[in-house]
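Structure first, then comments.
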Amino acid sequence: MKLNWQVFATLLFVALAFSGTTDAVDGGLINTNAIRTIDLRSLPAVTEQVGVVVQNSHDSKAAKTYSVYIPHAKADRLAKVTVHERKSGAELQVSKMDNEHLGNILPPQPIEYRATLLQPLQPGEKISLNIDSVYLNTVEPRPKVVEQTGDQTWLWKDDACILSAYPINKEKTVVRTNGEIKAYSQIKESSKDGKSVTFGPFINGPSPNGPVEVRFRDNREQLEALTHRREYFVSHWANDLNILEHYALRNRAPALEAFDKVKQTMSRFMKARDNFVKTLLVKVPADARDMYVVDEIGNVSTSAVTRRQRLDGDAFKVMQLKPRYPLAGQWNYTWWHGYSVPLSNYLRVNHNRHALRVPFIGSIVGSASQKEEIPLTAINTHNTAVNAYELRITLPEGATNVDVRVPFNVDSIRQLPQSYYFDSSGRTVVVIEHANVAPSAVDAHVLVTYDYSVLSLWQKPLVIAMVVFALFALTSLCSRMQLGLAAAKPATTATKKTQ
Amino acid sequence: MKVLGLSAVDQTRLLRICILGLISVVAIGSRLYSVLRFESVIHEFDPWFNYRTTKYLVQHGFEKFWNWFDESAWYPLGRVVGGTLYPGIMVTSAAIYNALHALNIPVDIRNVCVFLAPGFSALTAIATYQLGKEVKNETAGLLAAAFMGVAPGYISRSVAGSYDNEGIAIFLLVLTFWLWLRAVRVGSAMSAAVCALSYFYMVSAWGGYVFIINLVPLHVCVLLAMGRFSNRLYVAYSTFYALGTLASMQIPFVGFQPTFTSEHMAALGAFGLIQVVAAAYYVRARVTAVQFRAFVGCAVVLVAALGACVLVVLTMRGAVAPWTGRFYSLWDTAYAKVHIPIIASVSEHQPTAWPNFFFDLNVLIWLFPAGIYFSFRELSDNHVFLILYSVFAAYFAGVMVRLILTLTPIVCVLAGVAVANVFEAYLSRGSSGPGVAQVPRAAVIGAVLFLLCSFQWHSSWITSTAYSSPSVVLASRGPDGSHHIIDDFREAYYWLRRNTEPHERVLSWWDYGYQLAGMADRPTLVDNNTWNNTHIATVGRIMASDEDTAYELARRHDVDYVLVVFGAMLGYSGDDINKFLWMIRIAQGVYPNDVREQDFFNAAGEYAIGDTASKAMRESLLHKLCYYRFGEVMGAQAFDRVRKQRLPSSVSLHNFEEAYTTENWMVRIYRVKGLDNFGRSHHEAAKFDST
Numbered sequence: 004m005k006l007n008w009q010v011f012a013t014l015l016f017v018a019l020a021f022s023g024t025t026d027a028v029d030g031g032l033i034n035t036n037a038i039r040t041i042d043l044r045s046l047p048a049v050t051e052q053v054g055v056v057v058q059n060s061h062d063s064k065a066a067k068t069y070s071v072y073i074p075h076a077k078a079d080r081l082a083k084v085t086v087h088e089r090k091s092g093a094e095l096q097v098s099k100m101d102n103e104h105l106g107n108i109l110p111p112q113p114i115e116y117r118a119t120l121l122q123p124l125q126p127g128e129k130i131s132l133n134i135d136s137v138y139l140n141t142v143e144p145r146p147k148v149v150e151q152t153g154d155q156t157w158l159w160k161d162d163a164c165i166l167s168a169y170p171i172n173k174e175k176t177v178v179r180t181n182g183e184i185k186a187y188s189q190i191k192e193s194s195k196d197g198k199s200v201t202f203g204p205f206i207n208g209p210s211p212n213g214p215v216e217v218r219f220r221d222n223r224e225q226l227e228a229l230t231h232r233r234e235y236f237v238s239h240w241a242n243d244l245n246i247l248e249h250y251a252l253r254n255r256a257p258a259l260e261a262f263d264k265v266k267q268t269m270s271r272f273m274k275a276r277d278n279f280v281k282t283l284l285v286k287v288p289a290d291a292r293d294m295y296v297v298d299e300i301g302n303v304s305t306s307a308v309t310r311r312q313r314l315d316g317d318a319f320k321v322m323q324l325k326p327r328y329p330l331a332g333q334w335n336y337t338w339w340h341g342y343s344v345p346l347s348n349y350l351r352v353n354h355n356r357h358a359l360r361v362p363f364i365g366s367i368v369g370s371a372s373q374k375e376e377i378p379l380t381a382i383n384t385h386n387t388a389v390n391a392y393e394l395r396i397t398l399p400e401g402a403t404n405v406d407v408r409v410p411f412n413v414d415s416i417r418q419l420p421q422s423y424y425f426d427s428s429g430r431t432v433v434v435i436e437h438a439n440v441a442p443s444a445v446d447a448h449v450l451v452t453y454d455y456s457v458l459s460l461w462q463k464p465l466v467i468a469m470v471v472f473a474l475f476a477l478t479s480l481c482s483r484m485q486l487g488l489a490a491a492k493p494a495t496t497a498t499k500k501t502q
Numbered sequence: 020m021k022v023l024g025l026s027a028v029d030q031t032r033l034l035r036i037c038i039l040g041l042i043s044v045v046a047i048g049s050r051l052y053s054v055l056r057f058e059s060v061i062h063e064f065d066p067w068f069n070y071r072t073t074k075y076l077v078q079h080g081f082e083k084f085w086n087w088f089d090e091s092a093w094y095p096l097g098r099v100v101g102g103t104l105y106p107g108i109m110v111t112s113a114a115i116y117n118a119l120h121a122l123n124i125p126v127d128i129r130n131v132c133v134f135l136a137p138g139f140s141a142l143t144a145i146a147t148y149q150l151g152k153e154v155k156n157e158t159a160g161l162l163a164a165a166f167m168g169v170a171p172g173y174i175s176r177s178v179a180g181s182y183d184n185e186g187i188a189i190f191l192l193v194l195t196f197w198l199w200l201r202a203v204r205v206g207s208a209m210s211a212a213v214c215a216l217s218y219f220y221m222v223s224a225w226g227g228y229v230f231i232i233n234l235v236p237l238h239v240c241v242l243l244a245m246g247r248f249s250n251r252l253y254v255a256y257s258t259f260y261a262l263g264t265l266a267s268m269q270i271p272f273v274g275f276q277p278t279f280t281s282e283h284m285a286a287l288g289a290f291g292l293i294q295v296v297a298a299a300y301y302v303r304a305r306v307t308a309v310q311f312r313a314f315v316g317c318a319v320v321l322v323a324a325l326g327a328c329v330l331v332v333l334t335m336r337g338a339v340a341p342w343t344g345r346f347y348s349l350w351d352t353a354y355a356k357v358h359i360p361i362i363a364s365v366s367e368h369q370p371t372a373w374p375n376f377f378f379d380l381n382v383l384i385w386l387f388p389a390g391i392y393f394s395f396r397e398l399s400d401n402h403v404f405l406i407l408y409s410v411f412a413a414y415f416a417g418v419m420v421r422l423i424l425t426l427t428p429i430v431c432v433l434a435g436v437a438v439a440n441v442f443e444a445y446l447s448r449g450s451s452g453p454g455v456a457q458v459p460r461a462a463v464i465g466a467v468l469f470l471l472c473s474f475q476w477h478s479s480w481i482t483s484t485a486y487s488s489p490s491v492v493l494a495s496r497g498p499d500g501s502h503h504i505i506d507d508f509r510e511a512y513y514w515l516r517r518n519t520e521p522h523e524r525v526l527s528w529w530d531y532g533y534q535l536a537g538m539a540d541r542p543t544l545v546d547n548n549t550w551n552n553t554h555i556a557t558v559g560r561i562m563a564s565d566e567d568t569a570y571e572l573a574r575r576h577d578v579d580y581v582l583v584v585f586g587a588m589l590g591y592s593g594d595d596i597n598k599f600l601w602m603i604r605i606a607q608g609v610y611p612n613d614v615r616e617q618d619f620f621n622a623a624g625e626y627a628i629g630d631t632a633s634k635a636m637r638e639s640l641l642h643k644l645c646y647y648r649f650g651e652v653m654g655a656q657a658f659d660r661v662r663k664q665r666l667p668s669s670v671s672l673h674n675f676e677e678a679y680t681t682e683n684w685m686v687r688i689y690r691v692k693g694l695d696n697f698g699r700s701h702h703e704a705a706k707f708d709s710t
């Protein structure tokens, strides 16, 4: 009884807390049907699509918004949420609701995202919505430890029922994988069909609400970048855009049971599969030059770059980085690489107004292939999840009125002062931070506009010339001054010698 | 004749500056082979420690650096870093680094460290010019500077990346000697004080300062013995000794040593002597010859007796420390091998083989005696110094390979003097005669120029082939001439750095201690500091013991990983199996009951590793860690490429498990297994698992 009282108290408190705020969830909506499709075919990103039919069952009030709940447990793995109207395909505006005011109440509350409907939903009307969310790294290897050449088995685990702000009349969940299903939760409504598993349909709410799981084999590489920092340096003088990327990478594959050098050598010789990630592929622009790969203790000399390639009308080169050691499951590797591209390809100038348009993030692909030359198509597989991302754009000295545009919401955008290479007045660095970057962000661009005058261009040479001139003048002055009391003796060049 | 509006004197001055500038460029340029061939990386072993401490200094500031206790070295003892190093090189780099950053130049501290020694080599050339000018004239100075810039004997210690104390210390050595000679010539307290300042910098940079503090007093004593006492000498030495000694005591690692160790007693004695002599001269100016003779007779006996008594008493009471082992080994080359194997085990402490002199000094080695001859011919105070320097440096260079380094400056200066004399004799304007008479002159000048050119050629060749390998990164050439980089060391160190816990301790032979600390950033048991022989012997004993004893000892020392270097796949001869005898000898010195060198030779007296190896060898941990499963990948009939012997047919290992092995098997890392869950020994567990 005591337990029930606690639950009741909590619910009461939550209800009070919700009612205390002005922006409560629109009441009266009902999900008459919900189908959740979980796509595990492009790990480590997990795509969830929930198609819902929403009905306004309220007597009189029209609903303007639709709330989406993200379970608290998955909230810090969430990369992206979008809501579309199914019929028109129009994307709805989604904003994250602040639930900080709830404090640390237990159980932890779901995170609320609120989509604004294009037209208010009148009482009795229905609308179909598609809610797409992308999570990173929610699938874990089970068993955690395997043999060097063993199969990788992964575990997907989630609630059988969809978490929603509104009641759900009928729902079902489909889990699609890319490999053989090894096991799945045997409940009444579960069924397997080839590489996918269906849970449901459940009528009227959660009869068996509890976690369900699917274990499946997937031997493709999965990596996560614990941190990834991309830096752009803009140099107008050299018409040069320098790009530097720092990575701290981890192979998400199950850990090694025991390292076996003999077996590793043999499988390399036999071109047999193992779980070591041996090559990292980085796509760089076709006109990239001056490439390098370095880690904390020096050059990584085992890397190569391909000739100019062409795929789907897109010209590029591929840097094939070989880490110092092959990456077994759960092993880490940290390094940075860089290259230069001509600035004019990324910069538009209109009088003094400069517009710099650069990719938001670069992609990296890990490959366990034993081949020397990795097939070109591998470059477009997204198998690296970026957990913490930082983008730094260093503008030239003298750039003012800096304006930054990113096509989606990011965690933070800051502008910092910084000084490099003989700077006299310092320059601006734009710092963008974002956790859990969705794979689709690879195609996004950042637009930075700033004012930059001709005078700023000449600032540095002028300052340096003045400093050098001042030094000469000072030296000249000093050499002409006589500081001693006696008259200077003529310089003796010959050494005194005792004969 | 005026050129560019300059008088003849100004023209030669401008020319000299230009020549010195070019010499500097050549000196720096010839040291960059290693960066061009490989990369901007810290070389060898000790530089990694210097680099690591410099990084610490830059990150944490001087105060913290001074009081740094490094608990990750010499686990579990730790090391008081601030008090056990010569901070000169770190402070120099940090100063350059901070100056560049003040100018908003974001240079990496690694690059400052890598290019420090080449930069200072240019300064050394200029200091050598000054020294040559001091003892002879500008021509000798320029020649000496040119020799110094490219002499392989000095390049061997100052290529880019060779971030060691010697890199700046040779500059300071030459600078101090030049300032000393200048102080003796000028005789002002000011110039002697400048010399003392330079000496202080030298003390802060390198233990080789002892050479200065013995050579300068020796110079003074010899001059006194030659009856060349002068007030200039008195002022120079008194000022230099007083200021220099006080300044040197400010370095914590030196501390009060100048007051009680034998190495510094000569300087103190010379200081006393010059006071006595000065007093004698003072007295002589005021009394008659007879009285003076009596006075001198009494005084000499009294002072000598008193001095000897004090020294004996102090030495017996231990107040004056006896000579350290490294100094004994300077007198008796066989001493170290018998008594202190740890010193003898270092290749740079071996006696020099004669081809080394030619290799490192080439033409200079026979110009050197000529220079000494010219010094004798006009025996000035300066020349006495040069002769003393030559004699002692030549002796020490013969005893220990690395001391060719201190010989190089004097060889360059004297060679410069010799060649300058030749030029003087054959290029003087007065001796112009008819055409036929010019032929021998042209021949001599041509021959000398040929020698000089061949010296330059030899130096570049030696530098590029012998002295530009970082030893951290190895290179090999394929049969088609292609360049292969062998990077196993960094592969292993980086693996440790990224894939082990920061507190986990790595056991390896002491050679790799500094590199492990610098590149892998993990605590080590022993490193290249070698201050605790017992600890090193313990590591040697672990390597030489059988698996169970080693496991017991390793666990008792909290070891998590064991790292061994193994060259059998590539034929890398500097591996641990080849160093094993030294490990055994050092271990035997401390644990004579547990480790015996004799046990590691088989019945035929061979140092075998295959199936014919002795029992102790086959059961030793090092042998097992090296050859564990190696045969499986090399095939049944495989050979060890270093020792040219058949591999052992079976190697069992239960208490340690393979954690990582690099691409070419050069570095193998093993994890020390935890205790078995059922309390069995690991052998029993393995037996159970296999059934």
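Order-wise, the sequence lines are chains A and B.
The opening position of the first sequence corresponds to residue 4 in the numbering used here, with each subsequent residue numbered one higher.
The opening position of the second sequence corresponds to residue 20 in the numbering used here, with each subsequent residue numbered one higher.
All C-beta atoms, glycine included, are put in the ideal place defined by N, C-alpha and C.
Note that the structure is predicted; figures quoted are calculated from it, not measured.
In summary, no residue of the region 340–372 of chain A has a CB separated from any CB of chain B by less than 7 angstroms.
By the Cβ-count criterion, B/H283 is buried, with 16 or more other Cβ atoms from all chains shown falling within 10 Å of its own Cβ. In this structure A/N439 is buried. Its beta-carbon is surrounded by 16 or more other beta-carbon atoms within 10 angstroms.
Secondary structure at B/D565: strand, using DSSP grouped into helix, strand and coil. Taking a Cβ-Cβ cut-off of 8 angstroms, the neighbours of A/A261 in chain B comprise E676 and E677, given in sequence order. Under the 10 Å beta carbon count, B/G650 is surrounded by 16 or more other beta carbons and is classified as buried. By the C-beta criterion, the region 634–651 of chain B is judged not to be in contact with the region 534–541 of chain B, since fewer than 3 inter-stretch pairs fall below 8 angstroms. Within its own chain, the residues whose Cβ lies closer than 7 angstroms to the Cβ of A/G203, once the five positions on either side in sequence are excluded, are E174, K175, T176 and E192, listed in chain order. C-alpha of A/L474 to C-alpha of A/V466: approximately 12 angstroms in a straight line. For A/V433, there is no enclosing alpha helix (DSSP H); the residue is found in the beta strand (DSSP E) stretching over R430 to V440. Excluding sequence positions up to five before and after A/N254, its CB lies within less than 6 angstroms of the CB of L226, V280, L330, G332 and W334, all in the same chain and listed in chain order. The Cβ of B/M538 sits closer than 8 angstroms to at least one Cβ of chain A. Inclusion of B/D379 and B/I423 in the CB contact set at 8 angstroms is warranted, their separation being smaller than that value. For B/D659, the nearest beta carbon of chain A is not closer than 8 angstroms to its own beta carbon. Put simply, the CB of B/W199 is far from chain A, with every gap to its CB atoms at 8 angstroms or more. For B/E63, the nearest beta carbon of chain A is not closer than 8 angstroms to its own beta carbon. Counting along the chain, the unbroken beta strand (DSSP E) around A/S98 starts and ends at Q96 to K99. Against A/Y235, chain B offers no close residue; the least beta-carbon distance is about 16 angstroms (beta-carbon pairs closer than 7 angstroms). As DSSP reads the structure, A/Q52 sits in a beta bridge with A/T40 and A/D135. Close partners of A/W334 in chain B (Cβ separation under 9 angstroms): W514, R517 and N518.
Looking at A/E375, A/N412 and A/I114, the one whose alpha-carbon comes closest to that of A/F272 is A/E375. Put simply, the CB of A/F425 is near chain B, with a gap under 8 angstroms to one of its CB atoms. The bridge partners DSSP lists for A/I114 are A/I73. If you draw a straight line from the Cα of B/N156 to the Cα of B/T147, it comes to about 12 angstroms.
Taking a cut-off of 8 angstroms for Cβ pairs, the region 114–132 of chain A and the region 56–63 of chain A touch, as three or more such pairs fall below it.
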